[in-house]
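Residue numbers (this note's numbering): 454 to 806. Even for Gly, the Cβ is constructed at its ideal location relative to N, Cα and C.
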Ligand code: NCD
Ligand code: ZN
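So this is what it looks like as structure tokens:
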């Protein structure tokens, strides 16, 4: 069965500065193996992407190494409230961190939050990491500045209910949920292990997970938040938060289809149609994914392309598999092999020269 290439609006490719975890080559190989043909990369690299020089460096690495299409976010900082908007046309959008997570991009001053909401062009995506009360503030700022805001990785019942209420008031908010917040809860922490289970937002309670499923109608996108860290780091002293997700996401969604919990249309709406509209992305010509929706197999990180070499879904029994991927008319993945060369992927935004 043939479906369009998936779009993932939230991945961490780790380059520059974290290449021991992932780089544009391994990360986009993982994307293709997962049926994803367009990734949008977050700016919490080392150094973070906050200005022309750092954006150019990130995009240069992507252009030479990416095997699937891509765009890169700029990060909102305390020092770039009046300048970063100039980069908008060349980015996936602006990413604002209102709560603490991996990296140094957390914005502490609410005045800076407001400035970024006001200054970033309404025609370009603004994505916000906001949990609990910060989420309420982000929704208020969307209303006050009358601009669209995309709320990243929603995980709690209280959050999805707030988003539902905001949408019913026509406040211009959209949101995404990750596969790990749909398919894992705090109950899985003993199995996965405490360090490996670290992720932001944290794995939630079962009632929260159920609330996400019950309110699927208000979830605009599925996004992996593919956030690879090595096993040594995850099992070490200060485990960094984040899960790999690109290679397990579509199999998990297809398994949910086999179980009657999702439809294929549910997936395509949230992984293709909605992200394309919300993030103003071009259609990818001659691009599709061949899936076998009834293939039964066991997921193992040993057979993945991500450099991080582990998965919270290790040993999961999947129904539904990516068999082949065609990108711009060329077979780029088939029989478990990535066939696209590094650099085959295209930046979907205009080049920053
Ligand atoms: C992400 C990372 O490792 O970059 N970690 C995570 O737990 N999700 C950062 C983020 O998206 O919050
Ligand atoms: Zn993230």
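Within the continuous alpha helix (DSSP H) that includes residue i, where are the two ends?
| i | result |
| --- | --- |
| residue 463 | No alpha helix (DSSP H) holds residue 463; the beta strand (DSSP E) holding it covers 459 to 464. |
| residue 774 | Taken as a continuous stretch (DSSP letters only), residue 774 belongs to no alpha helix (DSSP H), being part of the beta strand (DSSP E) at 770 to 780. |
| residue 622 | Unbroken run through residue 622: none, as it is neither H nor E. |
| residue 719 | 717 to 721 |
| residue 596 | 586 to 598 |
| residue 731 | 727 to 731 |
| residue 515 | 505 to 518 |
For residue i, tell me which candidate among the options has the shortest Cα-Cα distance.
| i | options | result |
| --- | --- | --- |
| residue 538 | 560, 504 and 522 | 504 |
| residue 704 | 636, 805 and 655 | 636 |
| residue 617 | 588, 640 and 643 | 588 |
| residue 659 | 531, 749, 608 and 770 | 608 |
| residue 790 | 796, 758 and 804 | 758 |
| residue 466 | 682, 615, 553 and 688 | 682 |
| residue 802 | 531, 487, 479 and 491 | 491 |
| residue 533 | 594, 667 and 501 | 501 |
| residue 623 | 592, 518, 525 and 687 | 592 |
| residue 782 | 797, 773 and 772 | 797 |
| residue 599 | 612, 584, 619 and 585 | 619 |
| residue 699 | 473, 493, 472 and 454 | 493 |
| residue 508 | 584, 474 and 546 | 546 |
| residue 474 | 761, 613, 574 and 531 | 761 |
| residue 766 | 754, 602, 775 and 742 | 754 |
| residue 654 | 615, 582, 566 and 625 | 582 |
| residue 685 | 665, 677, 721 and 648 | 648 |
| residue 717 | 573, 650 and 773 | 773 |
| residue 676 | 603, 614 and 710 | 603 |
| residue 550 | 536, 775 and 527 | 527 |
| residue 525 | 510, 457 and 611 | 510 |
| residue 691 | 710, 697 and 652 | 652 |
| residue 472 | 484, 498, 671 and 459 | 498 |
| residue 657 | 529, 664 and 639 | 639 |
So residue i and residue j are in contact, right, with Cβ under 8 Å, and what is the actual spacing, rounded?
| i | j | result |
| --- | --- | --- |
| residue 464 | residue 633 | Not a contact, Cβ separation roughly 14 Å. |
| residue 732 | residue 462 | 6 Å |
| residue 523 | residue 727 | Not confirmed; about 19 Å, so no contact. |
| residue 570 | residue 695 | Actually they do not touch by this definition, with Cβ atoms about 26 Å apart. |
| residue 606 | residue 627 | Incorrect: roughly 13 Å between the Cβ atoms, too far for contact. |
| residue 751 | residue 770 | 6 Å |
| residue 567 | residue 594 | 6 Å |
Let's see if you can read the secondary structure: which residues bound the beta strand (DSSP E) around residue i?
| i | result |
| --- | --- |
| residue 743 | 741 to 751 |
| residue 627 | 626 to 630 |
| residue 602 | 602 to 604 |
| residue 524 | 522 to 525 |
Could you tell me which residues DSSP puts in a beta bridge with residue i?
| i | result |
| --- | --- |
| residue 790 | 787 |
| residue 489 | 459 |
| residue 709 | BP columns for residue 709 are empty, so no partner. |
| residue 800 | 523 |
| residue 494 | 464 and 525 |
### Task
Run through the region 530 to 584 for me and flag every whole beta strand (DSSP E) of 3 or more residues, listed as ranges in chain order.
547 to 550 and 579 to 582
### Query
Which runs of the alpha helix (DSSP H), 4 residues or longer, sit entirely within the region 624 to 689?
632 to 636, 642 to 645, 659 to 667 and 684 to 687
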